[in-house]
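Residue numbers (UniProt numbering): 1 to 325. Glycine included, each C-beta is placed from N, C-alpha and C at the ideal position. Note sheet for the following structure.
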Amino acid sequence: MQKYLITGGAGFIGSHLADNLLASGNEVIVLDDLSTGRLENIEQNSDNSKFKFVEGSILDEELVSRMIGETDQVLHLAAAVGVFSIMKDPLGSLKTNIRGSEIVLENACKFMKPVLVTSTSEIYGKNTSDLLSEDDDRILGSATKTRWSYSEAKAIEEFLAYSYWKTANLETRIVRLFNTVGPRQVGSYGMVIPRFISAAIAGESIQVYGNGEQTRCFGHVSDISQGIISVLNSRQTIGEVLNLGVNFEISIIDLAQLIIKKTNSTSKIELVPYDQAYEEGFEDMQRRVPDTRKIERITGWKAKLNLEQIIDDVISYQLSTQHKV
Ligand SMILES: NC(=O)c1ccc[n+]([C@@H]2O[C@H](COP(=O)([O-])OP(=O)(O)OC[C@H]3O[C@@H](n4cnc5c(N)ncnc54)[C@H](O)[C@@H]3O)[C@@H](O)[C@H]2O)c1
Numbered sequence: 001m002q003k004y005l006i007t008g009g010a011g012f013i014g015s016h017l018a019d020n021l022l023a024s025g026n027e028v029i030v031l032d033d034l035s036t037g038r039l040e041n042i043e044q045n046s047d048n049s050k051f052k053f054v055e056g057s058i059l060d061e062e063l064v065s066r067m068i069g070e071t072d073q074v075l076h077l078a079a080a081v082g083v084f085s086i087m088k089d090p091l092g093s094l095k096t097n098i099r100g101s102e103i104v105l106e107n108a109c110k111f112m113k114p115v116l117v118t119s120t121s122e123i124y125g126k127n128t129s130d131l132l133s134e135d136d137d138r139i140l141g142s143a144t145k146t147r148w149s150y151s152e153a154k155a156i157e158e159f160l161a162y163s164y165w166k167t168a169n170l171e172t173r174i175v176r177l178f179n180t181v182g183p184r185q186v187g188s189y190g191m192v193i194p195r196f197i198s199a200a201i202a203g204e205s206i207q208v209y210g211n212g213e214q215t216r217c218f219g220h221v222s223d224i225s226q227g228i229i230s231v232l233n234s235r236q237t238i239g240e241v242l243n244l245g246v247n248f249e250i251s252i253i254d255l256a257q258l259i260i261k262k263t264n265s266t267s268k269i270e271l272v273p274y275d276q277a278y279e280e281g282f283e284d285m286q287r288r289v290p291d292t293r294k295i296e297r298i299t300g301w302k303a304k305l306n307l308e309q310i311i312d313d314v315i316s317y318q319l320s321t322q323h324k325v
């Protein structure tokens, strides 16, 4: 049994990871500043003696050092996420995603505690290859476009993690997550499925940005969380980068139609130009399909749930919690 520190553990993915690790008898400490995380995501563990929540920031060096000193392994998920958050507060997002990650890695190195970092498919930028594999090129837009700063910051986080492994033998693992969806995710930071479902349930228009022909692939948070644990449990993943996602591709307009059908909604689809949804000159990615052969080969992980099951779960979650995003 291990004692894990999960930064960002009151967030969407981190809280599911905490549940899974606790279910197999581990201890979990969560460090979260509740900027996008929520106490209701972790309230089910409040009476568990193996669970502890500390409200604080990864930018607090003294706190991070003390907490890492008390744990066996670190799962670093804390980040400024979601296109809306990045566009709204570019400087704060960069500080969290670069300096925050640096503080976590520096202190993990100080105590030589293994760290897993959660990077992102945004790393690949505008590369629209059929299957994006870990060594593929990054194709990014101009540095005058704020949107790309998230990709850059996460790339720096990856370089830092990899360099700590290469130069200091710190056991680091990097997982590149593709779109992850499921209960507890909220749509207010630009996450598409909870946003569409919430609008569909309310009978409001579903706002599709751009022409809707851009495609995405979605993984269920329970599969993704199991994937992260399978990476954690393998020594062959140390010093490696692994894609983690599902490669079933759907256009955003088809996704909106599927959600309308599944919710029996009267909602209409409204196309909103990117300039209006974000800012003038905003660039989106046209597609992002993961090549997951590496993680499957090394860990044996495979996704079990399909898009329809994901949508059903988010609908049930929103109906049961009256969660309005
Ligand atoms: N959800 C996805 O589709 C997706 C895709 C790719 C990568 N990721 C990565 O997965 C990780 C988790 O994302 P998520 O989807 O669960 O989002 P989330 O917003 O629910 O989780 C991020 C958590 O970090 C916390 N946080 C932010 N700044 C902090 C700080 N300075 N100190 C402490 N805590 C802080 C937030 O309060 C939140 O609980 C992130 O690193 C994100 O980049 C997510």
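Between the CA atoms of residue j and residue i - distance to the nearest angstrom
i    : j    : result
V186 : R195 : 7 Å
I260 : R287 : 22 Å
Y278 : V272 : 10 Å
K113 : T292 : 27 Å
D312 : K262 : 8 Å
Q127 : S205 : Note on residue identity: the sequence assigns Asn, not Gln, to residue 127. Distance between the alpha carbons of N127 and S205 is about 31 Å.
G69  : F111 : 6 Å
V325 : Y274 : Because V325 carries a pLDDT of 49, less than 50, the predicted location of this residue cannot be relied on, and no value is offered for it.
R216 : E249 : 6 Å
I103 : S265 : 47 Å
I29  : E157 : 22 Å
M1   : Q276 : 50 Å
S129 : V208 : 23 Å
S225 : I269 : 32 Å
N169 : A256 : 46 Å
G203 : P90  : 33 Å
N211 : V192 : 15 Å
Those residues which DSSP pairs with residue i across a bridge
i    : result
N243 : R176
G125 : I139
Y4   : V28 and Q73
P290 : L132
Limits of the alpha helix (DSSP H) - the one that residue i falls within
i           : result
S101        : S101 to F111
residue 336 : Residue coverage of the chain in this structure runs from 1 to 325, which leaves residue 336 outside it and unanswerable.
E152        : W148 to A168
I311        : L307 to T321
R293        : R293 to T299
Y274        : Y274 to A277
Span of the beta strand (DSSP E), counted from its first residue to its last, around residue i
i    : result
Q207 : I206 to Y209
Count the C-beta pairs between the segment 224–238 and the segment 167–177 that are closer than 8 Å, then say yes if the count reaches three, no if not.
Yes: the two stretches touch, three or more of their Cβ pairs being nearer than 8 Å.
Determine, using beta-carbon pairs with one atom in the segment 75–91 and one in the segment 43–52, whether at least three such pairs fall under 8 Å.
Inter-segment contact for the segment 75–91 and the segment 43–52 is absent: fewer than three beta-carbon pairs are separated by less than 8 Å.
Contact between the segment 139–153 and the segment 86–100 (3+ Cβ pairs under 8 Å)
Here the segment 139–153 lies against the segment 86–100, with 3 or more beta-carbon pairs under 8 Å apart.
State whether the segment 72–81 contacts the segment 38–46, with contact taken as three or more CB pairs (one from each stretch) at a distance under 8 Å.
No, the segment 72–81 is not in contact with the segment 38–46.
I'd like the ranges of any alpha helix (DSSP H) spanning at least 4 consecutive residues and lying wholly in the segment 50–99.
Listed in chain order, the complete alpha helix (DSSP H) runs (minimum 4 residues) inside the segment 50–99 are 61–69, 83–88 and 90–94.
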